[in-house]
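Undergrad: Take 49 as the starting number for the sequence shown in this note's numbering and just add one per residue.
Even for Gly, the Cβ is constructed at its ideal location relative to N, Cα and C.
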Amino acid sequence: MKNKSNQRKGYILIESLLYINAVFIISLSLALIIFFSIKMYKDTIIINDLKETALVVEDRIKYDIRESIGFDSFRVDNSSKVNQKFLEDGYKKIKVLYYNSYDSDNGSLICKKKIINNNNTISIGMKGQYQIGNYVKAMYIKEKKNEKEKVYKVSFIIVYENKNREYSSYFDAYF
49 MKNKSNQRKG
59 YILIESLLYI
69 NAVFIISLSL
79 ALIIFFSIKM
89 YKDTIIINDL
99 KETALVVEDR
109 IKYDIRESIG
119 FDSFRVDNSS
129 KVNQKFLEDG
139 YKKIKVLYYN
149 SYDSDNGSLI
159 CKKKIINNNN
169 TISIGMKGQY
179 QIGNYVKAMY
189 IKEKKNEKEK
199 VYKVSFIIVY
209 ENKNREYSSY
219 FDAYF
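(1) Using a Cβ-Cβ cut-off of 6 Å (strictly less than) and excluding sequence neighbours within five positions of K190, which residues of its own chain qualify?
(2) Helix, strand or coil for D125 per DSSP?
(3) In whole angstroms, what separates the C-alpha of S171 from that of N69?
(4) Tell me where the beta strand (DSSP E) around E191 begins and ends.
(5) Whole angstroms are fine: how far does the CA of N194 sit from the CA of N167?
(6) Can you tell me whether S217 is buried or exposed, with buried defined as 16 or more other CB within 10 angstroms of its CB?
(7) Could you give the DSSP three-state label for I35: helix, strand or coil?
(8) Would the beta-carbon of Y146 fall within 8 Å of that of S121?
(9) For the alpha helix (DSSP H) containing E136, list its first residue and its last residue.
(10) What would DSSP say about D151, mapped onto helix, strand or coil?
(11) Rounding to the nearest angstrom, what Cα-Cα distance links L98 and I62 in this structure?
(12) Where do the N-terminal and C-terminal ends of the beta strand (DSSP E) with G173 fall, by residue?
(13) Among Y188, Q55, G58 and R213, which one has its Cα closest to the Cα of D91?
(14) Tell me, please, which residues DSSP counts as bridged to F219.
(15) Is the beta carbon of I95 sitting closer than 8 Å to the one on Y215?
(16) Considering just the uninterrupted stretch of the beta strand (DSSP E) at K160, what are its terminal residues?
(17) What does a CB cutoff of less than 8 Å around I158 pick up in its chain, not counting 5 residues either side in sequence?
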């Protein structure tokens, strides 16, 4: 009789260990699912924030350039790494883009405005700039000229980065 009771206790012990292992595996699986869901949620929020910033910057740059009277010049950015793919496509990494516009106070005066990429922000204006976006890692342009060698279109690539997530915005602005 003692053998049968010891056998039952052994089976109960084995069943208990199997149930504990099953509960442990299920709990671990749920914890991993929750962890990765939270990580994906945070990544989605970061990417959406970058996309929203890109849309605001794009709208503001297009508006300002559309209201301008012509392209002036740009200053190349040699301070950091460049994306070779963009360079092969004819883009230049720039720090500042200068263009001519009428003065908002006196409509007959022509002034030089600029779009500047500085300290991970992008600003626009004349003497006093105002920030139109943040998280800016790099700004690339490619200008198109007409038969009179006058720039009529500038293609932009603006690269945004936040917490090791990158987003690139591509758009054209016409003078």
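TA: Reading from the atomic positions:
(1) One-based indexing of the sequence shown puts residue 190 at position 142. Within the same chain, K190 has close Cβ partners G138, Y139 and S203.
(2) Here residue 125 refers to the residue found at position 77 of the sequence shown. Three-state DSSP puts D125 in coil, outside helix and strand.
(3) By 1-based counting over the sequence shown, the position of residue 171 is 123. By 1-based counting over the sequence shown, the position of residue 69 is 21. Each residue's Cα considered, the two are about 58 Å apart.
(4) Here residue 191 refers to the residue found at position 143 when the sequence shown is read from its first residue. V184 to K193 is the span of the beta strand (DSSP E), which, as asked, contains E191.
(5) Residue mapping note: residue 167 aligns to position 119 of the sequence shown, counting from 1. Residue mapping note: residue 194 aligns to position 146 of the sequence shown, counting from 1. One Cα belongs to N167, the other to N194, and the distance between them is close to 34 Å.
(6) Within the sequence shown, numbered from 1, the residue matching residue 217 stands at position 169. Buried, because 16 or more other Cβ atoms sit within 10 Å of the Cβ of S217.
(7) Since the first and last residues shown for the chain are 49 and 223, residue 35 lies out of range.
(8) Position 98 of the sequence shown, counting from 1, holds the residue named residue 146. Position 73 of the sequence shown, counting from 1, holds the residue named residue 121. Taking the C-beta atoms as reference points, S121 is found nearer than 8 Å to Y146.
(9) Position 88 of the sequence shown holds residue 136. DSSP places E136 in the uninterrupted alpha helix (DSSP H) bounded by Q132 to E136.
(10) Your numbering for residue 151 matches position 103 in the sequence shown. Here D151 sits in coil by DSSP.
(11) The residue labelled residue 98 in the question sits at position 50 within the sequence shown. The residue labelled residue 62 in the question sits at position 14 within the sequence shown. Rounded to whole angstroms, L98 to I62 spans 54 Å at the Cα level.
(12) On the sequence shown, position 125 is the one that residue 173 refers to. Per DSSP, G173 belongs to the beta strand (DSSP E) from T169 to G173.
(13) To locate residue 91, count along the sequence shown from 1; it is residue 43. Closest in alpha carbon position to D91, among Y188, Q55, G58 and R213, is R213.
(14) One-based indexing of the sequence shown puts residue 219 at position 171. The partner list for F219 (beta bridge, DSSP) reads F204.
(15) Translated into positions along the sequence shown, residue 95 becomes position 47. Translated into positions along the sequence shown, residue 215 becomes position 167. Their beta carbons are under 8 Å apart, which means I95 touches Y215 by this criterion.
(16) As a working note, residue 160 is residue 112 in the sequence shown. Where K160 is concerned, the enclosing beta strand (DSSP E) stretches over I158 to N166.
(17) As a first step, residue 158 is located in the sequence shown; it is residue number 110 there, counting from the start. So the list reads I117, N148, S149, Y150 and D151, once near-sequence residues are dropped.
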